[in-house]
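Protein chains in written order, with the numbering used here: chain P, 1 to 490; chain U, 491 to 635.
Here the structure comes first, spelled out in structure tokens, and everything after it is commentary.
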Amino acid sequence: MARLNATFTNFVTVCVVAIHLVLLPALYFGVGYVIRKSHEDLFVHHARTFARVLADEFEVGAAFDSPAKTSDLLDLAVIHGEALYAELMNGDRSVRSALGSPDITEARRTDLSFATGGDDLYFVVLPIEHAGQSAELRVGFDERPTKERIQLALNRMLFLLAVYLGTAIAAAAYLSNRLSRPIRRLQDVSRSIASGNYAQALQVNTGIRELHDLATDLEAMRRELVGVNDRLRQQILEKEISESSRDELQKQLRHRQRLETVGTLAGGIAHEFNNVLVPIILFTEAAMQDLPRDSTSRGDLERVMTSARRARNVVQKILTFSHVLGDTALAPTDLRSVVGESITLFAALAPPSIEIRTEIDSDVPLVRADATLAGDVIVNLCTNAYQAMQGRNGVLTVGLKNSPPHVELSVTDTGHGMDQATVDRIFEPFFTTRPVGQGTGLGLAVVHGIVESFGAAIAVETRPGAGTTFRILFPIIKDDGRSGGTAPSN
Amino acid sequence: MRRIAAAFLVLLLGTATPALAGEELVLIVSTRSDVDQLDSSLVRKLFLGLTVTHHGNRLRPVLNEADSAIKELFLQNIVSMSDSTYDRYLLRLSLLQGRTQPTVYRNNAELINAVAADPTVVGYVWARDVAHDPRIKILRVVWHD
């Protein structure tokens, strides 16, 4: 597995250095070889040509004729050439230039290539024939200037290669940094996105097409991921809402089943209790008719009648509650007239401290309901509101508003309001906040049952000390006589 | 590094150059040739591609590259040029003047046979290679140790 401790810049720089460490020595020795050969070839050619010209001069000229002339020509060779040694051997007789280097005591045999012999001298030995005589010209050339030129050229090349290497490393570092900068930018943004910051766009400012295309593709991918994420989040939210709605519906179903159970039980008991009350009331009335008007027992019988009638009212409410939980015959109903009649009835019973207001729209459509039961609902809610404001001045507002696809009936009081614990239980049968004997706890339970039998919904808005508003939403009847809109949930 | 390279170069040249003790490089022609003597200037002209005739016959040079020592001695003692200069010279002669370049032999026996077969051909070999060859006539000693 590759090591991951090298940055892009370091990697490129090291690669460039490594490549140059291989290539530059090869280039140095290759070019150095060419330089060396070129200088050596030039030197050798110069030495051979110079020696040849000198030999030709001896062969065709007069310098061979006397030692003085020979010496003069050899001196000229040293003066005008690069020769450090010039000698003419004629048999055993030797004439040698006195201007040559005194360190060279004897000429070596001929050199066939540059820098051989180990003495910085290049010897050319040429045979000479003049006027039937044979001689040998020996010329020694100084190799040091050529060697110095070669060394100077090699040093310059070494310097240039070093400058080139430095420039190449700097250029590699700069270019790799320029290449890696947008990559690092993409890396930073990717990490930011990975940490949850989806809003950050994957954009880089670069002129390199591949990196630009990569950034564009990654940005497209980010947008797609963001879209998928949003959709998943929406689906999760919808699922949570759905589950919450299902839980609410199940809660309502259980509540309704409990109400139905209680209603069935209460209805059975009420029916039997009603059977008991009927003879009590009948026989008490008969007994009261038989008793003289001044009988002391009449008062007792009247209290029996009063209690029996109250018991009958309770039974009647229970029977009503039980009845509405079953099938209820519904018909198109004009709630405006129902509200008007109910307000009129309630206003006659309400104390003067209660101000009754009505807010009724002029164009309230028909709803499916039972007019009598709807009136009971309004009266019950108004009674509840009056009791909430008992002992104080207050305002009772009954509203009827066309709010398609529903008709909204509202009853608002300025009473003491309720806390949440009370609100949670107000529709339960026999639940009451009033002292024992003053309330049956059936009023709002009957209201809830009636509203549900209409396919309507009831909601409560209340806060302790801030009054209470009951809102009932009735589905509007469509033209074909069916209820329109969705049945509102509680 | 440079010292090592220089030492290596010296060693390489030292091994490439054969020992020349007692050797002689001689100019040769066929015994059937009527050429008996060529002075150094004519030899030089001949191998520089210039026209050299003898009794109306044009002489033709052949080059011996059987070993590096022969080649270097030829370059130094006959044409007095460096290797690359002589190559450039022959190339220029061929391209600009349309002259035929000398035939090059890399084997002494082949060169000797070529010289022996043609009286107009002039070549150069080690003296020991032709000392007892009746087909070959030595014109002059070009170089001796």
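Every residue gets a Cβ at the ideal spot worked out from N, C-alpha and C, and that includes glycine.
Original post:
Is the Cβ-Cβ distance between P:T49 and U:S574 less than 8 Å?
Top reply: No Cβ-Cβ contact shorter than 8 Å links P:T49 with U:S574.
**OP:** Use the C-beta contact count for U:S584: other C-beta atoms within 10 angstroms, 16 or more gives buried, fewer gives exposed.
**Re:** The residue is exposed, with fewer than 16 neighbouring Cβ atoms inside 10 Å.
Subject >> Neighbour flag for P:H80 against chain U, beta carbons, 8 Å >> reply: With a threshold of 8 Å between beta carbons, P:H80 makes no contact with chain U.
**OP:** Return the first residue and the last residue of the alpha helix (DSSP H) that P:P404 is part of.
**Re:** For P:P404, no alpha helix (DSSP H) encloses it, and the DSSP letter there is neither H nor E.
Original post:
For a contact meaning CB atoms closer than 7 Å, what does U:D635 contact in chain P?
Top reply: What U:D635 touches in chain P: R109.
Original post:
Run through DSSP, which three-state label would P:N197 get?
Top reply: Coil, per DSSP.
Original post:
Name the chain U residues whose beta carbon is nearer than 7 Å to that of P:V44?
Top reply: Those within 7 Å of P:V44 in chain U are S572.
Original post:
Span of the beta strand (DSSP E) holding P:L345?
Top reply: Where P:L345 is concerned, there is no enclosing beta strand (DSSP E), although the alpha helix (DSSP H) it sits in stretches over L335 to L349.
**OP:** Would you verify that the beta carbon of U:Q527 is, or is not, closer than 8 Å to some beta carbon of chain P?
**Re:** Answer no: the Cβ-Cβ gap between U:Q527 and chain P never drops below 8 Å.
**OP:** Have a look at P:K251 and P:I426 and give me their C-alpha separation to the nearest angstrom.
**Re:** Cα to Cα, the separation comes out at about 15 Å.
Subject >> Closest Cα partner of P:L400 within the set P:L366, P:H212, P:Q387 and P:Q390 >> reply: Put simply, of P:L366, P:H212, P:Q387 and P:Q390 the residue whose alpha carbon is nearest the alpha carbon of P:L400 is P:L366.
Subject >> Boundaries (first-last residue) of the alpha helix (DSSP H) holding P:H45 >> reply: Counting along the chain, the alpha helix (DSSP H) containing P:H45 begins and ends at F8 to V60.
Original post:
Going straight from the alpha carbon of P:T493 to that of P:Y122, what length do you get?
Top reply: Shown here, chain P extends from 1 to 490; a query on residue 493 of chain P therefore has no answer.
**OP:** Pull up the distance between the alpha-carbon of P:T344 and that of P:A329, whole angstroms please.
**Re:** Between P:T344 and P:A329, the C-alpha separation is close to 25 Å.
Original post:
Taking Cβ positions, are P:V262 and P:P405 nearer each other than 8 Å?
Top reply: No; because the gap between Cβ atoms is not below 8 Å, this pair is not in contact.
Original post:
Beta-carbon separation of U:Y595 and U:N554 under 8 Å?
Top reply: Contact flag set, yes.
**OP:** Would you mind reading off the limits of the beta strand (DSSP E) that contains P:I360?
**Re:** Segment I354 to I360, the beta strand (DSSP E) holding P:I360.
**OP:** Express the C-alpha separation of P:V17 and P:F11 in angstroms, rounding to a whole number.
**Re:** Whole-angstrom Cα-Cα distance: 10 Å.
Original post:
Does the beta-carbon of U:V473 have 16 or more other beta-carbons within 10 angstroms, so that it is buried, or is it exposed?
Top reply: Lying before the first or after the last residue shown, residue 473 of chain U is absent from chain U, which here runs from 491 to 635.
**OP:** Report the residue ranges of all beta strand (DSSP E) runs contained in full by the stretch 538-588 of chain U; include only those spanning at least 3 residues, in chain order.
**Re:** If we require 3 residues or more, the beta strand (DSSP E) runs fully inside the stretch 538-588 of chain U come out as 550-554.
**OP:** Please confirm whether P:V395 and P:F346 have their CB atoms less than 8 Å apart.
**Re:** Taking 8 Å as the cut-off, the beta carbon of P:V395 is found no closer than this to the beta carbon of P:F346.
Subject >> Nearest residue (CA-CA) to U:W633, options P:R144, P:R138, P:R178 and P:S190 >> reply: Ranked by how close their Cα comes to the Cα of U:W633, the residues P:R144, P:R138, P:R178 and P:S190 have P:R138 in first place.
Subject >> Beta-carbon spacing of U:V615, U:L601 below 8 Å >> reply: Taking the C-beta atoms as reference points, U:L601 is found nearer than 8 Å to U:V615.
Original post:
Are the C-beta of P:E59 and some C-beta of chain U separated by less than 8 Å?
Top reply: It does: the Cβ of P:E59 has a partner Cβ on chain U nearer than 8 Å.
Subject >> Proximal chain U residues relative to P:D120, where beta-carbon distance stays under 7 Å >> reply: What P:D120 touches in chain U: nothing, since even the nearest Cβ is about 13 Å away.
**OP:** Measure the C-alpha to C-alpha separation of P:L73 and P:A131 and round it to an integer number of angstroms.
**Re:** The straight-line gap separating the alpha-carbon atoms of P:L73 and P:A131 is approximately 18 Å.
Original post:
Is the CB-CB distance between U:S520 and U:V611 below 8 Å?
Top reply: It is a contact, given that the beta carbons lie within the stated cut-off.
Original post:
Skipping 5 residues on each side, what residues in its chain have a beta carbon closer than 7 Å to that of P:L277?
Top reply: Closer than 7 Å at Cβ, skipping near neighbours: A308, A311, R312 and V315.
**OP:** Excluding the 5 residues preceding and the 5 following P:N490 in the sequence, name in chain order all residues of the same chain whose CB lies nearer than 7 Å to its CB.
**Re:** In this prediction, P:N490 has a pLDDT of 49, which is less than 50 and means its spatial position is unreliable; what the coordinates show is noted afterwards. Within the same chain, Q252, A457, I458 and A459 come within 7 Å of P:N490 by CB-CB distance, once the 5 residues on both sides are set aside.
Subject >> For P:H271, the residue or residues it bridges with in DSSP >> reply: According to DSSP, P:H271 bridges with nothing at all.
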